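Numbering (full-length UniProt numbering), first residue to last: 1 to 191. Taking it in order: structure first as structure tokens, then the write-up.
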Amino acid sequence: MNDIEIRRPRIDDVEELNQFFRIVVEDTFAKEGIADLLDDKESEIESKRQYLKADLDSKGNSRHFFIASDQRLNKIIGTIEYGPASELISICTDGALKDLYEVGTVFVHPDYQRRGIGTLLLNVMFLTFLNQGVNEFCLDSGYPGAQRIWKKKFGEPDYVLKDYWGKGYDHMIWRRRTKDMPIDTRTSVMP
Numbered sequence: 001m002n003d004i005e006i007r008r009p010r011i012d013d014v015e016e017l018n019q020f021f022r023i024v025v026e027d028t029f030a031k032e033g034i035a036d037l038l039d040d041k042e043s044e045i046e047s048k049r050q051y052l053k054a055d056l057d058s059k060g061n062s063r064h065f066f067i068a069s070d071q072r073l074n075k076i077i078g079t080i081e082y083g084p085a086s087e088l089i090s091i092c093t094d095g096a097l098k099d100l101y102e103v104g105t106v107f108v109h110p111d112y113q114r115r116g117i118g119t120l121l122l123n124v125m126f127l128t129f130l131n132q133g134v135n136e137f138c139l140d141s142g143y144p145g146a147q148r149i150w151k152k153k154f155g156e157p158d159y160v161l162k163d164y165w166g167k168g169y170d171h172m173i174w175r176r177r178t179k180d181m182p183i184d185t186r187t188s189v190m191p
């Protein structure tokens, strides 16, 4: 646990973060059996790059990232960010969530998955929201693997867009109250 640092990104992290986004997105697409969707994959990577740029350009006011790094290896191993709810969320909920913060880019390096890094990043996000008086937030996912994780952490989604990404590929959206989110202290982080 002492080897993991959670911090805000810096300009000198951009190149490593862009490589990190590519690694995680390519791994996710491969695991989901959609690696051949090259345009979608590149679009996903580019959107994360733009979110990071928006964070750095606005000093965290437009989007706000936290990164997890393995101090022993001086390596970025996870990200999480929040910002205004995406256009997809706003449209698919008829504007019901348009004024909420969206939690996104919850990425963990493939070599560090299932070790508590994502939970640690979520804890930081929940504490940040509590500190800032953010009462509600939303998040979404179109990846079945991620949806299984979110269902375990957040329960059933509030919106299910059946076959949104094609037959058998639903899109799910959760709306949650910050005060209802437990800070999980039982997770041991093992790099």
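For each residue, glycine too, the CB sits at the ideal point set by N, CA and C. This structure is a prediction, so every number in the text was calculated from the model and none was measured.
{"Check": "Roughly how many whole angstroms lie between the Cα atoms of Asp111 and Gly168?", "Outcome": "28 angstroms"}
{"Check": "Taking the straight line between their C-alpha atoms, what separation do you get for Ala54 and Gly78?", "Outcome": "18 angstroms"}
{"Check": "Relative to the C-alpha of Ala146, which candidate in Arg177, Ile76, Leu97, Gln113 has its C-alpha closest?", "Outcome": "Gln113"}
{"Check": "Out of curiosity, what's the CA-to-CA distance linking Ala85 and Gly60?", "Outcome": "15 angstroms"}
{"Check": "With Asp184 and Asn123 assumed to form a contact (beta carbons below 8 angstroms), what rounded beta-carbon distance in angstroms separates them?", "Outcome": "6 angstroms"}
{"Check": "Please state if the CB of Ala68 and the CB of Val108 are separated by a distance shorter than 9 angstroms.", "Outcome": "yes"}
{"Check": "What is the DSSP secondary structure of Lys53, counted as helix, strand or coil?", "Outcome": "helix"}
{"Check": "Does DSSP put Val24 in a helix, a strand or coil?", "Outcome": "helix"}
{"Check": "Would you mind stating whether Glu87 and Thr105 have Cβ atoms separated by less than 9 angstroms?", "Outcome": "no"}
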